[in-house]
Amino acid sequence: MTQVRRRSLEIPVDEDGMLGRGCPRCRSQFKIDLERYEERGFMNIRCPDCRFISELDNFTTGEQRDYLYSVSRNFALSTMEDLIEDVFNGSSSSSSGEVEIEVNAGDVDFGRVETEPPTISIELEEEVCDECGFSFQVEIESNGVCPVCR
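If you count by my numbering, then the sequence shown holds residues 737 to 886, one letter each, in order.
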């Protein structure tokens, strides 16, 4: 029987529901109101500084990619541990005592590393677009434009 395990990978938002983003072109960092972005069904986002437009996932920062890699790696390692225990749990022999195998994968270091969710380390100020009301955060005194309205 095949067993399928799935895990949804998401970058956590901050306490205000804002998701950090980084421009792949100019490297500026900013945050967007993720819930509102998803509610309104936007397809693309624009860098508030250089105005580069692309899909939301293209604005993932290096720290966010590292975090997603770590979470997915830990999930894979945890799944391996569980599978190894499952395989060997049924392997002990009958009461004849010929072969007995006992495995506790909890004693094996598979290399899991706990990773803190990524944060943006620069100071940002909140902006609300006068035209569409979208909330976003940009570097202080950057005169950034709204990431969603054109």
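Glycine included, C-beta positions come from ideal geometry on N, C-alpha and C.
Using 7 angstroms as the threshold, is the C-beta distance between residue i and residue j below it?
i      : j      : result
PRO784 : GLY869 : no
PRO883 : ILE781 : yes
ASP802 : SER871 : no
PRO760 : ASN794 : yes
THR815 : ARG886 : no
Using the three-state DSSP reduction, which class does residue i fall into: helix, strand or coil?
i      : result
ILE747 : coil
SER828 : Because SER828 carries a pLDDT of 48, less than 50, the predicted location of this residue cannot be relied on, and the following value inherits that uncertainty. Three-state DSSP puts SER828 in coil, outside helix and strand.
ILE858 : coil
ARG791 : According to the sequence displayed, residue 791 carries Glu and not Arg. Looking at GLU791 - three-state DSSP - the assignment turns out to be strand.
ILE876 : coil
VAL884 : coil
VAL864 : strand
On the criterion of 16 or more Cβ atoms from any shown chain inside 10 Å, does residue i qualify as buried, or is it exposed?
i      : result
ARG776 : exposed
ASP818 : exposed
ARG757 : buried
VAL823 : exposed
CYS762 : exposed
VAL864 : exposed
MET779 : exposed
LEU755 : buried
GLU799 : buried
So residue i and residue j are in contact, right, with Cβ under 8 angstroms, and what is the actual spacing, rounded?
i      : j      : result
THR851 : SER790 : At roughly 26 angstroms, the Cβ-Cβ gap does not stay under 8 angstroms, so THR851 and SER790 are not in contact.
LEU804 : ILE747 : 7 angstroms
GLU861 : SER764 : That pair is no contact at about 13 angstroms.
PHE766 : GLN873 : 6 angstroms
GLU771 : GLY753 : 5 angstroms
Subject >> alpha helix (DSSP H) runs wholly inside the region 756 to 825, at least 4 long, in chain order >> reply: Counting only runs of 4 or more, we get 770 to 775 and 798 to 825.
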